[in-house]
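Enquirer: If you're matching positions, the sequence shown starts at 1 in UniProt numbering and goes up one per residue.
Even for Gly, the Cβ is constructed at its ideal location relative to N, Cα and C.
This is the structure I have questions about; it appears just below.
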Amino acid sequence: GKRVGGQAIRDRAQAEALVAAIKAARFKVGSVQAKSQQRSPAPPFITSTLQQEASRRLGFTAIRTMRAAQALYEGAGTGEGLITYMRTDGVQLSAEAVAGIRDAITATFGKPYVPPEPRVYKSRAKNAQEAHEAIRPTKPTMRPEDLPASVEGDARALYGLIWRRALACQMQNATIQQVGVDFASADGQLVLRATGSAVEFPGYLQAYDNWRKTAAEKEEEGGE
């Protein structure tokens, strides 16, 4: 039921015959296509997206995520809140928060990672709780590795997720180069295509520890 080069592969015998033909053929490079794509960062977290990402990245249940978020909101033993209110449908950020995030990006990654103008996110839902900002660190310059020792376990892991997403949402686009190479057999009967991608400029992906893996995931998932 699968297709290779437009040809339907219906059974094992047909597949084996095609493999034999490919092995016997001589191929040469037919054409090379390369293009660059811009990838934009995802908006800052709201309650639902925080729960989804914590499940995907950290294996947390929704209850576990909200428990850790509550601890961060209350300060996790530091005496002051580490994140904004965690129950929100709004993706908007205050001007003060954006300025702080941009300063944190410059300090952490350098000026090339800060876009000329701030990114503005607006909630689509009509009933969004606009009184609350998106979920973000109260001090964007507080990196996960700089957290006090009292911030432990789930709270520390979740803070890292929130911090990276908050910085990423205000960073430059990532530039991904996609390359496709066609190999044609000497008789022109067979054409094979190889594709690949490479990060030209990581942009917002630099906010993630595993940004190369993240780029591959975005390619596989079709981006955000």
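If residue 135 sits next to residue 84, beta carbons under 8 Å apart, how far is it from one beta carbon to the other, in whole angstroms?
Expert: Sure, about 6 Å apart at Cβ, within 8 Å.
Enquirer: Check residue 144 in the structure and name its three-state DSSP category.
Expert: Three-state result, residue 144: helix.
Enquirer: Which whole runs of the beta strand (DSSP E) in the stretch 51-81 are 3 residues long or more, in chain order?
Expert: Counting only runs of 3 or more, we get nothing.
Enquirer: On the three-state DSSP scale, how would you describe residue 87?
Expert: Of the three classes helix, strand and coil, the one that applies to residue 87 here is coil, per DSSP.
Enquirer: Using DSSP's beta-bridge definition, name the partner residues of residue 180.
Expert: For residue 180, which the question treats as bridged, DSSP gives the partners 33 and 195.
Enquirer: On the DSSP bridge assignment, give the partners of residue 137 in chain order.
Expert: Paired residue(s): 83.
Enquirer: Check this for me: beta carbons of residue 121 and residue 93, under 9 Å apart or not?
Expert: For residue 121 and residue 93, yes; Cβs fall inside 9 Å.
Enquirer: Can you find the residues in the same chain that come closer than 6 Å, C-beta to C-beta, to residue 26, ignoring five residues on each side of it along the sequence?
Expert: Hits under 6 Å: 186.
Enquirer: My assumption, with CB atoms under 8 Å, is that residue 113 sits in contact with residue 188. Please give the rounded CB distance.
Expert: No, residue 113 and residue 188 are not in contact; Cβ-Cβ is about 47 Å, not under 8 Å.
Enquirer: Identify whether residue 172 lies in helix, strand or coil by the three-state DSSP scheme.
Expert: Residue state, collapsed to three classes: coil.
Enquirer: Can you find the residues in the same chain that come closer than 7 Å, C-beta to C-beta, to residue 97, ignoring five residues on each side of it along the sequence?
Expert: 133 and 136, listed in sequence order.
Enquirer: Given 8 Å as the limit, is there contact between the stretch 101-116 and the stretch 50-67, that is, 3 or more CB pairs closer than that?
Expert: The stretch 101-116 vs the stretch 50-67: no contact.
Enquirer: Starting from residue 18, trace the alpha helix (DSSP H) both ways and give me its first and last residue.
Expert: Element bounds for residue 18: 12-24.
Enquirer: Taking residue 227 as the reference, which of 14, 43 and 17 has the closest Cα?
Expert: An answer regarding residue 227 cannot be provided, because it is not within the stretch 1 to 224 covered by the chain.
Enquirer: Please state if the CB of residue 201 and the CB of residue 191 are separated by a distance shorter than 9 Å.
Expert: No.
Enquirer: Quick check: the stretch 140-154 against the stretch 173-182, are there 3 or more CB pairs under 8 Å?
Expert: Because the criterion of three Cβ pairs below 8 Å is not met, the stretch 140-154 and the stretch 173-182 do not touch.
Enquirer: Just reading off the alpha helix (DSSP H) that residue 259 is part of, what are its end residues?
Expert: Residue 259 lies beyond the range of the chain shown here (1 to 224); nothing can be said about it.
Enquirer: Using the beta-carbon count (16 or more within 10 Å), is residue 141 buried or exposed?
Expert: Under this definition residue 141 is an exposed residue.
Enquirer: Where does residue 29 land, buried or exposed, given buried means 16+ other C-beta within 10 angstroms?
Expert: Residue 29 comes out exposed.
Enquirer: Have a look at residue 13 and residue 19 and give me their C-alpha separation to the nearest angstrom.
Expert: Residue 13 and residue 19: Cα-Cα distance of roughly 10 Å.
Enquirer: Let me know the secondary structure DSSP gives residue 185 once reduced to three states.
Expert: Correct three-state label for residue 185: strand.
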